[in-house]
Structure formats: C-alpha cells, structure tokens
Amino acid sequence: MKEITEQSLDGLRERVMHEMSPKRFRHTLAVEQMVERLCALFCPEESLRMRAAALLHDLTKELDTAGQTALCHQMGISLTPADLLAPKTLHARTAAARIEVDFSEFSDPVVIDAVRWHTTGRAGMTLTEKLLYLSDYIDLSRTFSNCVILRHYFFGAAPESMNGEERLALLRDTLILSYDMTIRDLLDEGIPVAEDTVMARNELLLEKAVAEGRFA
Ligand SMILES: [Fe+2]
Ligand SMILES: [Fe+2]
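Numbering (our numbering), first residue to last: 642 to 857.
In structure tokens, the structure reads:
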C-alpha cells in the first residue's frame with residue numbers, strides 16, 4: 642500500500658463519485674468530513690486513513706440483495722440464513738472485500754476493518770472502527786431524528802473541552818445510545834439484530850459499569 646496523501650484522497654473521491662448516486666456521494670462526503678472532525682478529537686494521526694475509509698465505506702450500498710449475494714459468492718464471502726434476513730448489513734462486507742481487489746492502494750487493515758464493521762459494530766472495536774461507525778450515524782447530511790439526537794448528544798457535551806479520558810467515556814456512551822436506538826428500530830421492523838451488534842453493546846455496558854466502579 643502506498644502512503645495516503647491529500648492528492649490520493651482527491652483521486653479516490655473522483656473514482657468513488659462514479660460508483661454511486663449523487664445522494665449516496667453527498668452522504669459519503671459528509672462522512673469523510675465528520676470522520677476528519679472526530680479524528681481531530683481522538684487520533685489526528687489516523688485522519689488520512691480514516692478519510693479514505695469514509696470514502697470507501699458505502700461503495701456497494703446501492704446493490705440490491707441479489708447483487709450483494711452474487712458479489713459475496715464471487716468474493717468467497719460465505720453467508721448464513723441470518724445474513725440473508727438482514728441484507729442491509731452485507732454491503733459492509735462486500736465493500737471491504739472490494740477495497741482489496743479494486744482499490745489496493747488503500748488496502749490497509751485500519752481502512753478495511755473500519756469499513757467491514759461500520760454497519761453492525763462488533764465486540765472489541767478499535768478506536769478507528771468506532772469513529773467511522775459514529776461518523777456514518779451522525780454526519781451532517783443525516784436528518785433522521787435518531788441521527789440528530791445522537792449528534793447533539795455527542796457535540797452538545799462539548800468534547801473539545803474535555804480531557805482524553807472524559808472524551809473516550811463520551812464516545813462510549815454515544816455508541817451505547819446508538820446501539821440502543823438501532824436495536825429498537827430493528828425490533829420495531831421485525832428484522833434480526835446482528836449478534837455483533839448485541840456483543841458490541843454488551844461490552845460497552847460492561848466497560849461503563851467497571852469505569853463507574855459499580856463492581857467495586
Ligand atoms: Fe453503510
Ligand atoms: Fe454510510
């Protein structure tokens with residue numbers, strides 16, 4: 642993998658624009674801007690890699706279920722019946738796989754893993770995975786009430802004036818709230834909740850309880 646630069650991101654933005662609808666591209670640009678903002682708060686050194694991940698995260702989102710399953714088959718991604726009941730999660734896997742094949746200059750584990758887990762989350766998420774996941778939820782192009790609530794929850798707490806520990810606790814609590822809202826929506830729609838999402842939420846709740854000394 643070559644080093645990611647502003648110039649290579651410009652080229653990537655141009656390529657990605659031709660892969661998706663104008664609406665999806667607007668969302669993609671907004672996620673890039675949001676992840677840049679979040680990286681400035683948590684890990685400025687990861688900003689270029691995470692902006693690449695943002696540009697690539699929804700590369701395959703506009704494929705229908707038949708297209709997703711065909712691409713999974715082609716890329717050797719095995720699917721369970723539970724995966725097929727939640728086809729909206731498949732694009733994270735196919736996009737991650739496409740990075741290695743079609744965007745090899747951005748084929749870096751930090752980029753690929755952030756894209757792979759941006760929809761469901763997972764237990765043991767890295768900081769960069771969390772930042773892309775959250776950016777996708779709260780980017781400024783999103784106007785759904787849950788997205789607005791979550792954006793206000795995070796930025797309304799003034800993370801820029803916090804110390805590192807407080808900021809990470811805010812990130813943890815923001816993710817817990819996002820999982821609560823996502824799981825509630827999935828229940829209302831009768832859609833299965835990905836095991837990874839449940840594990841991610843449980844892990845963060847445990848982290849919070851330990852941090853708050855509830856087991857002391
Ligand atoms: Fe997505
Ligand atoms: Fe997205």
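Built from N, CA and C at the ideal position, the CB exists for glycine as well.
Handout entry: Same chain, Cβ closer than 6 Å to D777, neighbours up to 5 away in sequence not counted
Key = Here residue 777 is taken as the residue at index 136 of the sequence shown, counted from 1. The answer, listed in chain order, is V672, H759.
Practice task
Tell me whether K702 counts as near ligand 1, meaning its Cβ is closer than 6 Å to at least one heavy atom of that ligand.
Solution key: Against the sequence shown, residue 702 aligns to sequence position 61. At least one heavy atom of ligand 1 is nearer than 6 Å to the Cβ of K702, so yes.
Exercise for the section: Determine the DSSP secondary structure at I824, reduced to helix, strand or coil. Expected result: By 1-based counting over the sequence shown, the position of residue 824 is 183. Note: I824 maps to helix in three-state DSSP.
Practice task
Please confirm whether any heavy atom of ligand 3 lies closer than 6 Å to the CB of D699.
Solution key: As far as ligands go, the structure on display features ligand 1 and ligand 2 and does not contain ligand 3.
Practice task
Return yes when the C-beta of D777 is under 6 Å from any heavy atom of ligand 2, and no when it is not.
Solution key: To locate residue 777, count along the sequence shown from 1; it is residue 136. Checking the 6 Å criterion, the Cβ of D777 is within range of a heavy atom belonging to ligand 2.
Exercise for the section: Look at L772 and R813 and say whether their C-beta atoms are less than 7 Å apart. Expected result: Counted from its first residue, the sequence shown places residue 772 at position 131. Counted from its first residue, the sequence shown places residue 813 at position 172. Cβ distance not < 7 Å, so L772 and R813 don't count as in contact.
Practice task
Say yes only if the C-beta of T760 is nearer than 6 Å to one or more non-hydrogen atoms of ligand 1, and no if none qualify.
Solution key: Taking the first residue of the sequence shown as position 1, residue 760 is located at position 119. For T760, the CB falls within less than 6 Å of some heavy atom of ligand 1.
Practice task
Just list the alpha helix (DSSP H) runs in the stretch 729-812, keeping only unbroken ones of 4 residues or longer that don't cross its boundaries, in chain order.
Solution key: 731-743, 750-757, 768-779, 786-796
Problem - Buried or exposed (CB count within 10 angstroms, at least 16 for buried), F856 - result: Against the sequence shown, residue 856 aligns to sequence position 215. By the 10 Å Cβ count, F856 comes out exposed.
Practice task
Have a look at R825 and S786 and give me their C-alpha separation to the nearest angstrom.
Solution key: For the purposes of this step, residue 825 is taken as residue 184 along the sequence shown, with counting starting at 1. For the purposes of this step, residue 786 is taken as residue 145 along the sequence shown, with counting starting at 1. Cα to Cα, the separation comes out at about 14 Å.
Handout entry: H698 classed as buried or exposed, judged by whether at least 16 other C-beta atoms fall within 10 angstroms
Key = Indexing the sequence shown from 1 puts residue 698 at position 57. Counting Cβ neighbours within 10 Å, H698 comes out buried, since at least 16 surround it.
Exercise for the section: Measure the Cβ-Cβ separation of A841 and A764 and say whether it is below 7 Å. Expected result: Taking the sequence shown and counting its residues from 1, the one referred to as residue 841 is at position 200. Taking the sequence shown and counting its residues from 1, the one referred to as residue 764 is at position 123. Their beta carbons are under 7 Å apart, which means A841 touches A764 by this criterion.
Problem - Neighbourhood of A835 by C-beta, 7 Å cutoff - its chain only, sequence neighbours within 5 removed - result: Mapped onto the sequence shown, residue 835 falls at position 194. Closer than 7 Å at Cβ, skipping near neighbours: A727, T730, T761.
Handout entry: Under the three-state DSSP convention, the category G708 falls into
Key = On the sequence shown, position 67 is the one that residue 708 refers to. In this structure, G708 counts as helix in the three-state DSSP scheme.
Practice task
Could you tell me if V742 is buried or exposed, where buried requires 16 or more neighbouring beta carbons within 10 angstroms of its beta carbon?
Solution key: The residue labelled residue 742 in the question sits at position 101 within the sequence shown. So V742 ends up on the exposed side.
Exercise for the section: Note the first and the last residue of the continuous alpha helix (DSSP H) segment covering L697. Expected result: Numbered from its first residue, the sequence shown carries residue 697 at position 56. Segment 688-697, the alpha helix (DSSP H) holding L697.
Practice task
State buried or exposed for L700, treating a residue as buried only when at least 16 other CB atoms are found within 10 Å of its CB.
Solution key: Residue mapping note: residue 700 aligns to position 59 of the sequence shown, counting from 1. Buried, since its Cβ has 16 or more Cβ neighbours within 10 Å.
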